[in-house]
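Below is one structure, written out as structure tokens; comments come after it.
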Amino acid sequence: MDGRKTSNWWTVWGVVILLWAAFPLVWMLSLAFKDPATFRSGEASFFPAEWTWTNFETVFSDDLFTSALRNSFGIAVIATAISVVIAMFAAYAIARLDFRGKKLLLSMALGIAMFPQAALVGPLFNMWRGLGIYDTWIGLIIPYLTFALPLSIWTMSAFFRQIPWEMEQAAQVDGATAWQAFRKVIVPLAAPGVFTTGILTFFFCWNEFLLAISLTSTDQARTVPAALSFFTGASQFESPVTAVMAASVVVTIPVVILVLVFQRRIVAGLTAGAVKG
Amino acid sequence: MAEIIMKNVVKKYGDGFPAVNDVSLEIADGEFMILVGPSGCGKSTLLRMIVGLEDITSGDMLIGGERVNDKAPRDRNLAMVFQNYALYPHLSVFENIAFPLRLRKKLSEEEIRAKVEAAAETLELTEHLDRKPSNLSGGQRQRVAMGRAIVRDADAFLFDEPLSNLDAKLRGQMRTEILRMQRRLGITTVYVTHDQTEAMTLGDRVALLRKGAIQQVATPRELYERPTNMFVAGFIGSPPMNFVPAECVDGQLKLPFVSFDLPPEMREAVGDRHHVMVGIRPERFEDASVLDESHSSGGVTFAADVEVIEWLGNEQYAYIPYDASEEMTASLNELEKELDSERMRSQLVVALDPASAITDRSKAEIWFDPRHLHIFDAESGDNLTNAIAAATTAAT
Numbered sequence: 000m001d002g003r004k005t006s007n008w009w010t011v012w013g014v015v016i017l018l019w020a021a022f023p024l025v026w027m028l029s030l031a032f033k034d035p036a037t038f039r040s041g042e043a044s045f046f047p048a049e050w051t052w053t054n055f056e057t058v059f060s061d062d063l064f065t066s067a068l069r070n071s072f073g074i075a076v077i078a079t080a081i082s083v084v085i086a087m088f089a090a091y092a093i094a095r096l097d098f099r100g101k102k103l104l105l106s107m108a109l110g111i112a113m114f115p116q117a118a119l120v121g122p123l124f125n126m127w128r129g130l131g132i133y134d135t136w137i138g139l140i141i142p143y144l145t146f147a148l149p150l151s152i153w154t155m156s157a158f159f160r161q162i163p164w165e166m167e168q169a170a171q172v173d174g175a176t177a178w179q180a181f182r183k184v185i186v187p188l189a190a191p192g193v194f195t196t197g198i199l200t201f202f203f204c205w206n207e208f209l210l211a212i213s214l215t216s217t218d219q220a221r222t223v224p225a226a227l228s229f230f231t232g233a234s235q236f237e238s239p240v241t242a243v244m245a246a247s248v249v250v251t252i253p254v255v256i257l258v259l260v261f262q263r264r265i266v267a268g269l270t271a272g273a274v275k276g
Numbered sequence: 000m001a002e003i004i005m006k007n008v009v010k011k012y013g014d015g016f017p018a019v020n021d022v023s024l025e026i027a028d029g030e031f032m033i034l035v036g037p038s039g040c041g042k043s044t045l046l047r048m049i050v051g052l053e054d055i056t057s058g059d060m061l062i063g064g065e066r067v068n069d070k071a072p073r074d075r076n077l078a079m080v081f082q083n084y085a086l087y088p089h090l091s092v093f094e095n096i097a098f099p100l101r102l103r104k105k106l107s108e109e110e111i112r113a114k115v116e117a118a119a120e121t122l123e124l125t126e127h128l129d130r131k132p133s134n135l136s137g138g139q140r141q142r143v144a145m146g147r148a149i150v151r152d153a154d155a156f157l158f159d160e161p162l163s164n165l166d167a168k169l170r171g172q173m174r175t176e177i178l179r180m181q182r183r184l185g186i187t188t189v190y191v192t193h194d195q196t197e198a199m200t201l202g203d204r205v206a207l208l209r210k211g212a213i214q215q216v217a218t219p220r221e222l223y224e225r226p227t228n229m230f231v232a233g234f235i236g237s238p239p240m241n242f243v244p245a246e247c248v249d250g251q252l253k254l255p256f257v258s259f260d261l262p263p264e265m266r267e268a269v270g271d272r273h274h275v276m277v278g279i280r281p282e283r284f285e286d287a288s289v290l291d292e293s294h295s296s297g298g299v300t301f302a303a304d305v306e307v308i309e310w311l312g313n314e315q316y317a318y319i320p321y322d323a324s325e326e327m328t329a330s331l332n333e334l335e336k337e338l339d340s341e342r343m344r345s346q347l348v349v350a351l352d353p354a355s356a357i358t359d360r361s362k363a364e365i366w367f368d369p370r371h372l373h374i375f376d377a378e379s380g381d382n383l384t385n386a387i388a389a390a391t392t393a394a395t
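Just so you know, the protein sequences line up as chains A and B, in that order.
Numbering of the first sequence is given in numbering that gives the first Met the number 0, commencing with residue 0 and proceeding in unit increments.
Numbering of the second sequence is given in numbering that gives the first Met the number 0, commencing with residue 0 and proceeding in unit increments.
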């Protein structure tokens, strides 16, 4: 079996998998540009006969959607910011220090991450109503943090562990306090970890559906995934499918941009040359 | 600039294991002190206790007359060069060296620039100032680490095996650099190494450690000529000293390959002991055939079966096996394990003049002067002939 043949097979399989993975996205795109009145009619083809922007107009003229976008954005950004900061401090302690209960803490974090969210919906609903934070941003941010933090902490502590301890020790000998050493030496080196954590948390918050549906009732706090399920389209005679697809396309764009911009940052290798070996 | 004084310093880990066991050492202001010893002897731990990265279980650490046990590293005003450099990879060479200055916040930008450039010039790093550590060679990174240390006005420099990651040639060059720098700046320096060549060439004084305890603190010359015990004698000197089990009977010393009368001073030093260990450095032997008469009087000659010859150009080594008793071999093996040497069989290593014509697998006449012997107590390993040795070396 020579190399040419194997690499051909790899190409074939690569293309197959690529098509499989990209197909739903392409379909979504094509639906988004189709005319809502005719997209289900007889002569429908995969790609739209005429590319139309009507769906996008519908979507953006609807208050439901624009407020949902605003909610999603705000909640995701705030939850990500808080999660990254907390995870950074927690991960530093876990990676560098030895304290009683460390193992317990880590196992608990893992347990929380594995917990089925569906089981929490009922109790949370009651609790939030009682506390008065039902249908608010904070009402969603708190559970999002709970579910995003374990993964963030695990990711960040893996990054911190990779940074040789001599860095901080050298900084300490040079005259830095622990905080200065952390801020000036460790944080820049842990940037890949920070970006990875940030992106993972953002995706989680952005795409989360179950809690968003259960813990919101008006467009005060409803995020996009939840809002899309209530979409009705331009009129009650037109299927909302194409409009929903257009909304989905709009919602996917920030995610794609984020990944493209930050993908380079998620590469370890910033510590090359710091220490020998 | 300050002197460093350690009084009965002990470092015990959680399980009670003493990494540093009651060490007392005084390092004068401006002195170049070397801490040397096999791996695990506690020299790095001791260094880290000086700088403050390890807690001191008990004892006093005084820098410049002040007790610093509870002071954080940043308050001790010491500079350290780590074994693997510990440079900040996200900063350029200039920023790496300027890092400690920027932390103080007391200097202006021009002052910082002036200091950094002065340090860079001393270490020939001026053309690398804008590069990142990942693009530098090992020697250059080492110099950046040193630059970071000298740019502050530290009270002392601490080096933790800085040359062990460099290749042999570079090691030699950097060794001289470090020595020159220390001589010029005159700052107290504590240098940790496991390499006895570095210890001998660099230090004003050398402290040899073994299992957390100091064996001997002395100048390199004293360590070489008057080791206090077998461990020191075996550690210093390359190739290492030959240890030969011997019996002392009626004023005669019986070695496995020769017996001779002990000089009276040595007889006194040995006292009542029957079994002793004799140490002879390889360079104390000579090929009897190339010696002139006047020299060889007062020495002992013996016939030897030379097994292997290693010719190195400026000297050659002859390996001469001999038979030794079981129990003596066992105690020798233990010592050798500690010294990290591998002696598989009982044999003498003899350094001969390169002009000598002795060949492999031949018989030869080997000469030595008994006054150059070191006699060690077989159990404690203490050097019994130390006091006499001083007089001998003065005479020869």
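Beta carbons are placed, not taken as given, at the ideal position from N, Cα and C, and that holds for glycine.
Since the model is a prediction, treat every value here as computed from it, not as a measurement.
Report task. Anything in the stretch 165-179 of chain A with a Cβ closer than 8 Å to a Cβ of chain B? List those residues in chain order, please. Result -> From the stretch 165-179 of chain A, only Glu165, Met166, Gln168, Ala169, Ala170, Gln171, Val172, Asp173, Gly174, Ala175, Thr176 and Gln179 have a Cβ closer than 8 Å to chain B.
Report task. Determine the extent of the alpha helix (DSSP H) in which Pro244/B is found, giving its start and end residues. Result -> No alpha helix (DSSP H) holds Pro244/B; the beta strand (DSSP E) holding it covers Asn241 to Val248.
Report task. Below 7 Å between beta carbons is the criterion; list the residues of the stretch 184-197 of chain A that meet it against any residue of chain B, in chain order. Result -> Contact residues of the stretch 184-197 of chain A toward chain B are Val184, Pro187 and Leu188 (C-beta to C-beta distance below 7 Å).
**Report entry** Partner residues on chain A for Leu34/B, Cβ-Cβ distance less than 7 Å
**Finding:** Contact of Leu34/B with chain A by beta-carbon distance below 7 Å is absent, the smallest such distance being about 17 Å.
Query raised in the report: Taking Cβ-Cβ distances shorter than 9 Å, what residues in chain A pair up with Leu396/B?
Result: Chain B is shown only over 0 to 395; residue 396/B falls outside these bounds and no answer can be derived.
Query - Members of the stretch 42-76 of chain B that neighbour chain A once the beta carbon cut-off is set at 9 Å - result: Arg47, Val50, Gly51, Leu52, Ala71, Pro72, Arg73, Asp74, Arg75 and Asn76
Query raised in the report: CA-CA distance, Trp153/A and Ser66/A?
Result: 34 Å
Report task. Could you run through the stretch 127-148 of chain B and flag, in chain order, every residue whose CB is less than 8 Å away from some CB of chain A? Result -> Lys131, Pro132, Ser133, Asn134, Leu135, Gly137, Arg140 and Arg147
Report task. Identify whether Lys101/A lies in helix, strand or coil by the three-state DSSP scheme. Result -> helix
Query - Contacts around Val231/B, its chain only, beta-carbon distance under 7 Å, and the 5 residues preceding and following it disregarded - result: Excluding its 5 nearest sequence neighbours in each direction, Val231/B has C-beta neighbours in its own chain below 7 Å: Leu207, Gln214, Gln215 and Leu222, listed in chain order.
Report task. Locate the alpha helix (DSSP H) running through Arg209/B, then write down its first and last residues. Result -> Run containing Arg209/B: none in the alpha helix (DSSP H); it sits in the beta strand (DSSP E), Arg204 to Arg209.
Report task. Output the distance between the C-alpha atoms of Leu261/B and Ala18/B, rounded to the nearest integer angstrom. Result -> About 41 Å.
**Report entry** Spatial neighbours of Ala377/B in its chain, beta-carbon cut-off 6 Å, leaving aside the 5 residues before and after
**Finding:** His274, Val275 and Met276
Requested in this report: Taking all protein chains shown into account, decide if Glu160/B is buried (16 or more other Cβ within 10 angstroms of its Cβ) or exposed.
Outcome: buried
Query raised in the report: Cα separation between Val76/A and Arg160/A?
Result: Looking at the two C-alpha atoms, the distance is approximately 27 Å.
Query raised in the report: Which term fits Ile256/A, buried or exposed, when burial requires 16 or more other beta carbons within 10 angstroms of its beta carbon?
Result: exposed
Report task. Can you tell me which of the three DSSP states Tyr133/A falls into? Result -> coil
**Report entry** As assigned by DSSP and simplified to three states, the class of Asp381/B
**Finding:** Here Asp381/B sits in strand by DSSP.
Query raised in the report: Would you say Gly29/B and Ile279/B are within 8 Å of each other, going by their C-beta atoms?
Result: no
Query raised in the report: Would Val50/B pass as a contact of Ala144/B if the rule is Cβ separation under 8 Å?
Result: no
Query raised in the report: Can you round the beta-carbon distance between Ala350/B and Glu306/B to whole angstroms, since I take them to be within the 8 Å contact cut?
Result: Their Cβ separation, rounded to whole angstroms, is 15 Å, which puts Ala350/B and Glu306/B out of contact at 8 Å.
Query - Classification of Leu24/B by the beta-carbon crowding that lies within 10 angstroms, buried from 16 upward - result: buried
Query - Leu128/B vs Ala117/B beta-carbon contact at 8 Å - result: no
Query - Where the beta strand (DSSP E) containing Phe375/B begins and where it ends - result: His373 to Asp376
Report task. Flag this pair as yes or no: are the beta carbons of His401/B and Thr384/B separated by less than 8 Å? Result -> It is not possible to answer for residue 401/B, since the shown part of chain B is limited to 0 through 395.
Query raised in the report: List, in order along the chain, the chain A residues whose C-beta lies closer than 9 Å to that of Phe256/B?
Result: Correct list: empty, because the minimum Cβ distance to chain A is about 46 Å.
Query raised in the report: Beta-carbon of Leu347/B versus every beta-carbon of chain A: anything under 8 Å?
Result: no
Query raised in the report: Just the Cα atoms here: how many angstroms apart are Lys4/A and Met244/A?
Result: Their backbone Cα atoms lie some 41 Å apart in a straight line.
Query - Within-8 Å CB hit, Arg103/B to chain A - result: yes
**Report entry** Cutoff 8 Å: His89/B Cβ touching any chain A Cβ
**Finding:** yes
Query raised in the report: How about Val25/A and Val249/A: are their beta carbons less than 8 Å apart?
Result: no
Query raised in the report: Just to confirm, are Ala217/B and Arg204/B a CB contact at a threshold of 8 Å?
Result: Closer than 8 Å, so yes.
**Report entry** Endpoints, beta strand (DSSP E) assigned at Lys114/B
**Finding:** Run containing Lys114/B: none in the beta strand (DSSP E); it sits in the alpha helix (DSSP H), Glu108 to Thr121.
Query raised in the report: DSSP three-state call for Thr95/A: helix, strand or coil?
Result: Looking at the sequence itself, residue 95/A is Arg, so the reference to Thr does not match. Residue state, collapsed to three classes: helix.
Query - Separation of Ala117/A from Trp19/A, as counted between CA atoms - result: 29 Å
Requested in this report: Have a look at Pro47/A and Pro35/A and give me their C-alpha separation to the nearest angstrom.
Outcome: Pro47/A and Pro35/A have their C-alpha atoms spaced approximately 11 Å apart.
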